[in-house]
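Numbering (full-length UniProt numbering), first residue to last: 1 to 232.
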């Protein structure tokens, strides 16, 4: 039985199944990357809801695992060397879980690094830009009379969608026939952009048919449907 007592986060969110990966998250685009990955790989895990309404992300217990106070984060009782491993940052977690499971990330060097390249494209571009657009379109930013900030993120989001659409031309997934962590990272953000952020018309999503085609395939996967609801 692994000893998780050195990790203060388990005091606030006790592990009912301490042998399993502990997931601390919310069903946001970044959060569901990891729940979808866990559902796709079949790795056993126990989800814990980090309630932003109660400022759980600012609690000493959560900050002890992730000093950046963002979700998702995990605690794997059986990390490298069979020692517990705590990780934050969704991209790092996806790579770790892919390596742990031997799934959804090629082991051969060229395809592996190309997949990581597209993962970084999501993390450095799509995530931050779509998130800023959501702020200016749906949240407090929508009340700003000056629309130049919003329009800046609209144009950058369109540019990123064009890059993604071009990549998907003639391909089933970002990496071709192979479904990977690059898809798991990217399409929750596309879904959020045109759904929760209500910005589909704003970015002209109909002009990116390859993106919408692959988004539909992504959402049709049973593991994706499950992961999008975790933690409830």
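Even glycine gets a Cβ: it sits at the ideal position worked out from N, Cα and C.
Whether residue i touches residue j by CB criterion (7 Å)
| i | j | result |
| --- | --- | --- |
| residue 105 | residue 181 | yes |
| residue 93 | residue 74 | yes |
| residue 126 | residue 173 | no |
| residue 85 | residue 99 | no |
| residue 169 | residue 153 | no |
| residue 230 | residue 35 | yes |
| residue 156 | residue 129 | yes |
| residue 43 | residue 109 | no |
| residue 8 | residue 18 | no |
| residue 50 | residue 26 | yes |
| residue 68 | residue 57 | no |
| residue 135 | residue 165 | no |
| residue 175 | residue 115 | yes |
| residue 61 | residue 22 | no |
Residue from the options whose Cα sits closest to the Cα of residue i
| i | options | result |
| --- | --- | --- |
| residue 78 | 223, 204, 154, 97 | 97 |
| residue 88 | 102, 100, 80, 63 | 63 |
| residue 160 | 68, 54, 205, 17 | 205 |
| residue 162 | 145, 136, 211, 139 | 211 |
| residue 40 | 184, 137, 107 | 184 |
| residue 191 | 113, 33, 55 | 33 |
| residue 28 | 197, 61, 167 | 197 |
| residue 199 | 16, 158, 13 | 158 |
| residue 118 | 141, 137, 91, 143 | 91 |
| residue 20 | 12, 55, 82, 142 | 82 |
| residue 275 | 179, 216, 225, 213 | This structure does not reach residue 275, given that the chain is present from 1 up to 232, and the question cannot be answered. |
| residue 142 | 202, 107, 113 | 202 |
Buried or exposed (CB count within 10 angstroms, at least 16 for buried), residue i
| i | result |
| --- | --- |
| residue 47 | buried |
| residue 186 | buried |
| residue 123 | buried |
| residue 5 | exposed |
| residue 53 | exposed |
| residue 30 | buried |
| residue 150 | buried |
| residue 16 | exposed |
| residue 139 | exposed |
| residue 167 | buried |
| residue 45 | buried |
| residue 234 | Summary: the structure shown does not reach residue 234, with the chain confined to residues 1 through 232, and so no result is reported for it. |
| residue 144 | exposed |
Residue(s) in a DSSP beta bridge with residue i
| i | result |
| --- | --- |
| residue 23 | 47, 74 |
| residue 173 | 176 |
Minimum Cβ-Cβ distance from residue i to chain D less than 7 Å
| i | result |
| --- | --- |
| residue 76 | Protein chain content of the structure displayed is limited to a single chain, and chain D is not contained in it. |
Q: Would you list, in sequence order, the uninterrupted beta strand (DSSP E) runs of no fewer than 3 residues that lie entirely inside the region 57 to 109?
A: 73 to 76, 85 to 88
Q.
Please give the ranges of any alpha helix (DSSP H) in the UniProt domain "GST C-terminal" (108 to 232), keeping only runs that are unbroken, at least 4 residues long and fully inside the region.
A. 109 to 121, 127 to 138, 148 to 168, 181 to 194, 200 to 203, 209 to 219, 222 to 227
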